[in-house]
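Working notes, structure below.
Numbering (UniProt numbering), first residue to last: 1 to 180.
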């Protein structure tokens, strides 16, 4: 049995030697997969993926109006409140403009902060949770506090944050990859 595998293994070794271990497909390549068709024994079906299907999703510009789920101030988020137009954003790269909440313990080298819909939006008691996004800048990305409008890009998720009064203070989170 082992002797039968010798030609196969030597052919595989030769192939790996010629190809190397650093495989980097061209962006225009088409990936092809083979799978067994259900109920057809050993028959195979070829599936082709176009380059457009294998590209990462583009960053979608979103608005605060899209994120508005009609929560009243000083209320507690319930999952049934979330609209489909927000659910589809989960895990997607997004871009949104807003204002940094001023209750920060430092002026520079800021990694985490809340982005508000408007500069005078209340955050915490009296605020609407869907008007605040917790932003956590990724890697070594940091920022300084400003009262000017900021543009944030990153991965969107729904992560309700409950405040000390038991109400939901913010509803969304962005893992920030860019800030302007």
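For glycine and all other residues, C-beta sits at the position ideal for the given N, C-alpha and C. All values reported here derive from a predicted model rather than from experimental measurement.
Cβ neighbour criterion (16 or more within 10 Å) applied to residue i
i, result
"residue 70", "exposed"
"residue 165", "exposed"
"residue 180", "exposed"
"residue 48", "Bear in mind that the predicted position of residue 48 carries a pLDDT of just 49, short of 50, making it unreliable; the figure below should be weighed with that in mind. By the 10 Å Cβ count, residue 48 comes out exposed."
"residue 78", "exposed"
Nearest neighbour of residue i, chosen from the options [CA to CA]
i, options, result
"residue 154", "139, 66 and 167", "139"
"residue 98", "149, 107, 173 and 178", "149"
"residue 118", "136, 78 and 63", "63"
"residue 177", "143, 161 and 132", "143"
"residue 175", "128, 95 and 81", "95"
Check whether residue i and residue j have beta carbons under 8 Å apart
i, j, result
"residue 76", "residue 167", "yes"
"residue 67", "residue 130", "yes"
"residue 136", "residue 170", "no"
"residue 145", "residue 104", "yes"
Element boundaries [beta strand (DSSP E), containing residue i]
i, result
"residue 97", "93–100"
"residue 159", "150–162"
"residue 175", "168–179"
First through last residue of the alpha helix (DSSP H) which encompasses residue i
i, result
"residue 86", "84–87"
"residue 64", "64–67"
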